[in-house]
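Student: Going by the working numbering, the sequence shown opens with residue 3, and the numbers climb by one from there.
In this text, a Cβ means the ideal position worked out from N, Cα and C, and glycines have one as well.
Quantities reported herein were computed from a predicted structural model and do not represent experimental measurements.
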Amino acid sequence: MALKTSNEYFARLKNMKPNVYASGKQIRRDDPMLEKPINVLRLTFDLAQDPAYKDLLITKSHLTGEPINRFASLNFSIEDLYKQQEMKRTLCHKVGGCIQRCMATDTLNAIGVVTKEIDDAKGTKYHDHFLEFLRYYQANDLVGSTSQTDAKGDRKARPHQQKDPDLYLRVVKKDKKGIVVRGAKNHITMGPYVDEHLVIPTRALTEKESDWAVSFAIPADTEGIKLISRITSARPRINLQAPYNDYGVAESFLVFDDVFVPWERVFMCGEWEFAGSMALTFAGFHRHSYCGCKPALTDIIMGATALVAEYNGVGNAPHIQDELTELMIIGELVYASGIAAAARAEKTSSGIFRPKFLYSNTGRYLAGINVYHEYEILVSIAGGLPSTLPPEEDWLNPETRPYLEKYIRRNPEVSPEKLHRLYRFISDFTCSASCGWAQHAGIHGGGSPVMEKIGIRSTYDLESKKEVAKYLAGIKD
Ligand SMILES: Cc1cc2nc3c(=O)[nH]c(=O)nc-3n(C[C@H](O)[C@H](O)[C@H](O)COP(=O)(O)OP(=O)(O)OC[C@H]3O[C@@H](n4cnc5c(N)ncnc54)[C@H](O)[C@@H]3O)c2cc1C
Numbered sequence: 003m004a005l006k007t008s009n010e011y012f013a014r015l016k017n018m019k020p021n022v023y024a025s026g027k028q029i030r031r032d033d034p035m036l037e038k039p040i041n042v043l044r045l046t047f048d049l050a051q052d053p054a055y056k057d058l059l060i061t062k063s064h065l066t067g068e069p070i071n072r073f074a075s076l077n078f079s080i081e082d083l084y085k086q087q088e089m090k091r092t093l094c095h096k097v098g099g100c101i102q103r104c105m106a107t108d109t110l111n112a113i114g115v116v117t118k119e120i121d122d123a124k125g126t127k128y129h130d131h132f133l134e135f136l137r138y139y140q141a142n143d144l145v146g147s148t149s150q151t152d153a154k155g156d157r158k159a160r161p162h163q164q165k166d167p168d169l170y171l172r173v174v175k176k177d178k179k180g181i182v183v184r185g186a187k188n189h190i191t192m193g194p195y196v197d198e199h200l201v202i203p204t205r206a207l208t209e210k211e212s213d214w215a216v217s218f219a220i221p222a223d224t225e226g227i228k229l230i231s232r233i234t235s236a237r238p239r240i241n242l243q244a245p246y247n248d249y250g251v252a253e254s255f256l257v258f259d260d261v262f263v264p265w266e267r268v269f270m271c272g273e274w275e276f277a278g279s280m281a282l283t284f285a286g287f288h289r290h291s292y293c294g295c296k297p298a299l300t301d302i303i304m305g306a307t308a309l310v311a312e313y314n315g316v317g318n319a320p321h322i323q324d325e326l327t328e329l330m331i332i333g334e335l336v337y338a339s340g341i342a343a344a345a346r347a348e349k350t351s352s353g354i355f356r357p358k359f360l361y362s363n364t365g366r367y368l369a370g371i372n373v374y375h376e377y378e379i380l381v382s383i384a385g386g387l388p389s390t391l392p393p394e395e396d397w398l399n400p401e402t403r404p405y406l407e408k409y410i411r412r413n414p415e416v417s418p419e420k421l422h423r424l425y426r427f428i429s430d431f432t433c434s435a436s437c438g439w440a441q442h443a444g445i446h447g448g449g450s451p452v453m454e455k456i457g458i459r460s461t462y463d464l465e466s467k468k469e470v471a472k473y474l475a476g477i478k479d
């Protein structure tokens, strides 16, 4: 049975060799610090068992015909791309933010596309390696990281120009059995709670940089791998439990201290001409994912804004209605870009459908530059209370609770507990470490806004627009 339960996933994590470091010490993967981040991944298994979500979360493996989790699938149609987007929006609502598991889905699709292109051009066997790995990944319902962003060192220097060549992950040895890699990938989401790290290049490379042109999959606890992690979880609650507070996330410096990778798990080694294609193909898939998850964040901000205005008794105020409409426009335009990217997807030589790069970039860009603006709308309409609300302990203290209940009142129809819950949620959502994390992720995850602009320009047919202007101006060359 290819579909696993969340407990089976967690049991795998518990059995891994410890190579995770957090808050100054080595931890095991069942450390309580990781509980909330792991809950996010658990949900992707639990909902696959829930009849209400099966259609969204389960699809068929193109390799075996067996039901598999959609997060482990490749996109073989426009409909698959639509479903991916809808699944991300739906699941992000459930956890109040990033669902995380889409990263590997996008990487698998990118590796699937580009390994076929390399094989077609060079007669290599990478696509076979990939399909064999995918068969194993799907059969065990695995979770993977996307390990793309290198340490990168001096941003103005190329990989071969860095003082320390390890600042981009590279191949330091090859033999009959496999390769040895050294370097680090930074910012890696889910690092401490994945089964596999899926490694791809971060940029286009030149002929001098073939040692840096490398892609592979490696079990997360392989010898030589170290994960130095930062964990960000929603604030704990004492009595007033709320779904948002059950979740978290962790990123890692993922260090490869001379790690051996057997050939059958290598998907690119030295084919520098294809590094850019692998990097951008992943970016295209992942920015398409953002066209599903970022509207979910807008939905959460919009819902909280509308509710707090209603609880304050000012829900119908024209300026608030205006701000809510702006949120609707941002969220739906980003989503529409994703739909357009899927509708105009291209069937690649592997059979995988690649979303139209232009539209996944426009959607991701629009989402990125509006992140702080969206929070600004919620914060301005919520007033100052999310940042000044006394802690839950004071709510629970019989001496102070009556005062809090009396002086939190707004719309007389709304109970103090509802007000308290909503303001505490907005506080946790907009005035916390989790909020800072979400804002940074909203800007940089999948590539900073400047990267989307570069992506848009690089494929845009500007000449045709000049021709239109020439025609209207009566200019003949
Ligand atoms: C919360 C979060 C989660 C993430 N998760 C993952 C993950 O799971 N896997 C993964 O691979 N990556 C992940 N990332 C990394 C993300 O893709 C990068 O943060 C993003 O691509 C920007 O790279 P950087 O952080 O190294 O910034 P930098 O490269 O330092 O760029 C910062 C800014 O510097 C400027 N700049 C950089 N280089 C140049 C140049 N050569 N010329 C001119 N200007 C330049 C640009 O203005 C750019 O916006 C994550 C990031 C965040 C914030």
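Going by the beta-carbon positions, is the gap between ASP168 and ARG184 smaller than 8 Å?
Tutor: Yes, they are a contact pair.
Student: Which residue's Cα is closest to the Cα of ASP260: LYS472, ARG172 and ILE445?
Tutor: Minimum Cα distance to ASP260 is reached at ARG172.
Student: If distances are taken between C-alpha atoms only, which option among TYR367, GLU266, ALA153 and MET304 comes closest to PHE510?
Tutor: Because the chain is modelled from 3 through 479, residue 510 falls outside the range shown and cannot be assessed.
Student: With PHE73 as the anchor, note down where its alpha helix (DSSP H) starts and where it stops.
Tutor: First-last for PHE73: undefined, no H or E at that position.
Student: Could you say which of HIS375, CYS437 and ALA106 lies nearest to ARG237 if we only look at CA atoms?
Tutor: Of HIS375, CYS437 and ALA106, the residue nearest in Cα terms is CYS437.
Student: Measuring CA to CA, which of LYS62, TYR374 and THR109 is closest to LEU282?
Tutor: Considering only alpha carbons, the answer is THR109.
Student: Is there a Cβ of chain D sitting closer than 8 Å to that of LEU421, yes or no?
Tutor: The displayed structure is made up of one protein chain only, and chain D is not part of it.
Student: Please indicate yes or no: does the CB of LYS38 lie closer than 7 Å to some heavy atom of ligand 1?
Tutor: No, the Cβ of LYS38 stays beyond 7 Å of every heavy atom of ligand 1.
Student: Does the beta carbon of ARG157 fall short of 7 Å from some heavy atom of ligand 1?
Tutor: For ligand 1, at least one heavy atom lies less than 7 Å from the Cβ of ARG157.
Student: In whole angstroms, what separates the C-alpha of ILE331 from that of VAL316?
Tutor: Distance between the alpha carbons of ILE331 and VAL316: 21 Å.
Student: Please say whether PRO194 and VAL22 have beta carbons closer to each other than 8 Å?
Tutor: Yes, the pair counts as a contact, with Cβ atoms nearer than the cut-off.
Student: Grouping DSSP H, G and I as helix and E and B as strand, with all else coil, what is GLN140?
Tutor: GLN140 falls in the helix class under three-state DSSP.
Student: Report the start-end ranges of each beta strand (DSSP E) in the segment 237-306 that is 3 residues or longer and not cut off at the edges.
Tutor: Counting whole runs of 3 or more residues, the segment 237-306 contains the beta strand (DSSP E) stretches 250-264 and 268-271.
Student: Anyone know if the C-beta pair for ILE101 and THR46 falls short of 8 Å?
Tutor: Contact: yes.
Student: Can we count GLN150 as close to ligand 1, meaning its CB is less than 7 Å from some heavy atom?
Tutor: Under cutoff, so the answer is yes.
Student: Return yes when the C-beta of HIS446 is under 7 Å from any heavy atom of ligand 1, and no when it is not.
Tutor: Checking every heavy atom of ligand 1 against the Cβ of HIS446, one is found closer than 7 Å.
Student: Any chance the CB of ALA443 is under 7 Å from a heavy atom of ligand 2?
Tutor: Ligands displayed in this structure: ligand 1; ligand 2 is not among them.
Student: Mapping DSSP to helix, strand and coil, what is SER235?
Tutor: Of the three classes helix, strand and coil, the one that applies to SER235 here is strand, per DSSP.
Student: What are the partner residues of ILE480, as DSSP defines its beta bridges?
Tutor: Past the boundaries of the shown model lies residue 480; the chain is included only from 3 to 479, so the question cannot be answered.
Student: Spatial neighbours of ILE240 within its chain, please: CB distance less than 6 Å, with the 5 preceding and 5 following residues excluded, ordered by chain position.
Tutor: If we look at ILE240 and ignore the five residues flanking it on each side, its Cβ neighbours are GLU394.
Student: Quick check: PHE355 and ALA244, are their CB atoms within less than 8 Å of each other?
Tutor: Taking 8 Å as the Cβ cut-off, PHE355 and ALA244 do not qualify as a contacting pair.
Student: Using DSSP bridges, identify the partner residues of LYS349.
Tutor: Bridge partners of LYS349: PHE355.
Student: Cβ of GLU253 versus every heavy atom of ligand 1: is any distance shorter than 7 Å?
Tutor: Answer for GLU253: yes, Cβ within range of ligand 1.
Student: Let's test the definition: count the other Cβ atoms within 10 Å of the Cβ of VAL452 and tell me whether it reaches 16, buried, or not, exposed.
Tutor: VAL452 should be labelled exposed.
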